[in-house]
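Quick note, the sequence shown lines up with residues 1 to 628 if you use the UniProt record's numbering. Just so you know, even glycine gets a beta-carbon here, dropped at the ideal spot from N, CA and C. All of these numbers come straight from a predicted model, not from anything done at the bench. Some notes on the structure that comes next.
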Amino acid sequence: MLSPKSASEPGRWRTERTPYLREIMDHLSPASPVQRIAFMKGSQIGGTECGNNWLGYIIHMAPGPTMAVSPTVEMAKRHSKQRLEPLLEDSPELRERVRPARSRDSGNTMLSKEFLGGLLILTGANSAVGLRSMPARYLFMDEIDAYPGDVDGEGDPILLAERRSATFRRRRKVFMVSTPTVKGLSRIQREFENSDMRFFHVPCPACDHYQPLRFTQLRWPEGEPEKAEYACEACGVLLGEHQKTEMLAKGRWQATQEGNGTVGYHLSSLYSPVGWFSWSDAATLFEEAKKAPELMKGFVNTVLGEPYEESAESPEWQRIYERREPYPVGTVPLGGLFLTAGVDVQKDRLECEVVAWGRHKESWSVDYAVLDGDTARPEVWQRLNLLLQQDWPHAAGNTMPIRVMAVDSGYATQDVYGWVRQHPQAVWGGAGARAGQPRTVVAIKGQERDSALILGVSKADVGGKRRGLRVWNVSGPVAKMELYRWLKLEWPTDEARAEGRGFPPGACHFPQYGEEYFKQLTAERRVTRMVRGYPKATWEKDPTRNNEALDCRVYARAAATIFGLDRMSEFKWRALEEALGTYQPEPVQGVELTAPEQGQPTPQPQPVNPAVPVIPQRKAVKANDPYL
1 MLSPKSASEP GRWRTERTPY LREIMDHLSP ASPVQRIAFM KGSQIGGTEC GNNWLGYIIH
61 MAPGPTMAVS PTVEMAKRHS KQRLEPLLED SPELRERVRP ARSRDSGNTM LSKEFLGGLL
121 ILTGANSAVG LRSMPARYLF MDEIDAYPGD VDGEGDPILL AERRSATFRR RRKVFMVSTP
181 TVKGLSRIQR EFENSDMRFF HVPCPACDHY QPLRFTQLRW PEGEPEKAEY ACEACGVLLG
241 EHQKTEMLAK GRWQATQEGN GTVGYHLSSL YSPVGWFSWS DAATLFEEAK KAPELMKGFV
301 NTVLGEPYEE SAESPEWQRI YERREPYPVG TVPLGGLFLT AGVDVQKDRL ECEVVAWGRH
361 KESWSVDYAV LDGDTARPEV WQRLNLLLQQ DWPHAAGNTM PIRVMAVDSG YATQDVYGWV
421 RQHPQAVWGG AGARAGQPRT VVAIKGQERD SALILGVSKA DVGGKRRGLR VWNVSGPVAK
481 MELYRWLKLE WPTDEARAEG RGFPPGACHF PQYGEEYFKQ LTAERRVTRM VRGYPKATWE
541 KDPTRNNEAL DCRVYARAAA TIFGLDRMSE FKWRALEEAL GTYQPEPVQG VELTAPEQGQ
601 PTPQPQPVNP AVPVIPQRKA VKANDPYL
């Protein structure tokens, strides 16, 4: 039963809504000789529910020791509470076999479900203890591309989990499900390509030609993705969304190669049933994704269900150097709406970049400071404090403080902690990060994991003081990959800008810095190495260059996330612009202006220099701070 708490279509499960899942679920039955199944998919096609159905089937019809692995223990708890427990409560056959979870009942908790003839353990791929907790005949691994590369120093979590099923030999079942991520690094891509690679072929209602659905066959009038239709690759007839149900019902899986014993399935979101995710939805998302590389990556991963191929080469520093702009160092350009700073700590100096951020993640480097001095002594930290307390002039006539400063704690750790404690700190809670005061300072620590930019926080104070220092774990790979995509963006020509075309989302602007800054900013490149037989992406520095400028930019980007760059609402952006006096409302369309009365002079237009916006001068905002 699908619960109204977690399903858009509650009630008894109906495979006819998702007929492409029938063969997969048949192979998950003990009656099938298939042992390993890999399912590479897009979103909105029922992949996770397929796994939950299997867990319910095991409890009801084929009990045995079972393990369900989510990317993290927290996600396993969420899966249990939001998906699994409603399934158990709303299905009479399961409810009578699994008792409700009680804290005093060791046989049934949020992460452990005991039933007649078996036990279900839910755990996270980030817990080596959980992965080796018991032998498992049935193994459900969900979203494996989000698993860490190494768990507690014990190796790949998929290998650790599969070892728990080895003793069951031919009776075991391993089900791996995931949306893919980066080409060459995606686990589900590797598993799928080593399988027999099955694709779902559906017939054309007009000519009966069987074909897999491909995004390249969608057709829609320019600017009208809501009118998207599917063109048959054989006869060219345009098919409507309403015909998809008939096509899916007659579909069949076709293998494309000899596998290694694993049965593999690929399914994009184009197959999503009518009423879930439509072809016009896919076309609309594609139109949006064309505007920014990070959106296109999400489209390829979640809609096409394919791994995204990223360029591993670093940007050319000369090209960025030639794009330098004439705005003065130390002044925030008009588009900048809040400031962050990133600080890299070395033995004999501190290096700090101040960055302004605007709409669509556009950024401007405002200043880059090198503070020479022994970082084990207080003098250089006092100079950093002066920089933090500085108010920065804005092109609109106001001044701005640094909202969040992120300081690397990988070197001179205790000195960093001591200085950070002297300033307001950010808060981490259920809604994410929050920096409530200007000149907030956070200690950060770089991590190699690439699941998110901010990976979480850890307490640095022994004993876990209530208001003790928190260290923010930041993914260097995520920030660097994003930055390098931004640095490679094509900018509009001078002619296009004169016609009103703006910069692309993520555009990075720089003042007249010297060559050394840009060499440091592009000093690393991503390479893929084989580690324990698996490909692993790592970042390597050009041995002829320093990379402090790159590190500072990564830390400033993390500070922007903590302040709210990635979740800023239109209301908040507008409030920031109004506080600075830079808000420009859209012109009202279709308003007729009345002519002046008889005898009154006609007002003459005032000359305006379009290169110099006329913006009222205002004092620095002190009260009613829109940033808070």
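With a Cβ-Cβ cutoff of 9 Å, do residue i and residue j count as a contact?
i	j	result
ARG187	ILE121	no
LYS488	PRO315	yes
TYR271	LEU248	yes
ASN260	SER195	yes
THR284	GLU226	yes
TRP276	ILE45	yes
TYR484	ARG324	no
GLU154	MET176	no
ARG171	ARG137	yes
VAL73	GLY124	yes
THR48	LEU119	no
ASP156	GLY149	yes
TYR368	TYR555	no
MET400	ASP450	no
ASN126	LEU87	no
MET40	HIS266	yes
TRP381	LEU565	no
Could you tell me if residue i is buried or exposed, where buried requires 16 or more neighbouring beta carbons within 10 angstroms of its beta carbon?
i	result
PRO326	exposed
VAL370	exposed
LYS244	buried
ARG164	buried
LYS459	exposed
MET405	buried
ALA452	exposed
ARG557	buried
TYR20	buried
LYS347	exposed
CYS207	exposed
ALA595	Residue confidence is low: ALA595 scores 43 on pLDDT, short of 50, so the model does not pin down where it sits. Its coordinate-derived value is still stated next. With fewer than 16 other Cβ atoms within 10 Å, it is exposed.
MET134	exposed
ALA498	exposed
VAL129	exposed
ARG12	exposed
ARG14	exposed
ALA433	buried
THR18	buried
List the DSSP bridge partners of residue i.
i	result
CYS508	SER363
HIS266	MET40, PHE199
ALA68	LEU122, PHE140
ASN546	Beta-bridge pairing links ASN546 to no other residue.
VAL442	ALA406
ILE454	VAL474
PHE571	Partner(s): none; PHE571 has no beta bridge.
GLY342	GLU353, ALA406
TRP392	MET400
SER178	MET40
PHE115	GLY118
LEU576	In the DSSP output, where bridge partners are listed per residue, LEU576 has none listed.
VAL527	THR538
GLN447	SER475
ASP372	ARG349
List the endpoints of the continuous alpha helix (DSSP H) containing residue i.
i	result
SER310	Ser is not the amino acid found at residue 310; the sequence shown has Glu there. Note, GLU310: premise wrong, no alpha helix (DSSP H); not H, not E.
PHE503	That residue, PHE503, is in no alpha helix (DSSP H); it is neither H nor E in DSSP.
TYR57	47 to 61
PRO477	476 to 487
PHE518	515 to 521
VAL380	378 to 389
TRP279	279 to 289
MET110	First-last for MET110: undefined, no H or E at that position.
VAL416	413 to 420
TYR230	Here TYR230 belongs to no alpha helix (DSSP H); instead the beta strand (DSSP E) covers 229 to 231.
If you follow the beta strand (DSSP E) that residue i is part of, which residue opens it and which one closes it?
i	result
GLN211	210 to 212
TRP357	349 to 357
TRP253	252 to 255
Is the CB of residue i under 9 Å away from at least one CB in chain B?
i	result
PRO492	In summary, chain B is missing from the structure at hand, where a single protein chain is found.
Roughly how far, in whole angstroms, is the beta-carbon of residue i from the beta-carbon of residue j, given that I think they are within contact range, below 8 Å?
i	j	result
PRO307	THR181	6 Å
ALA435	PHE563	5 Å
ALA507	TRP491	7 Å
GLY342	CYS50	GLY342 to CYS50, Cβ: 44 Å. No contact.
ARG421	LEU469	6 Å
ALA76	LEU111	6 Å
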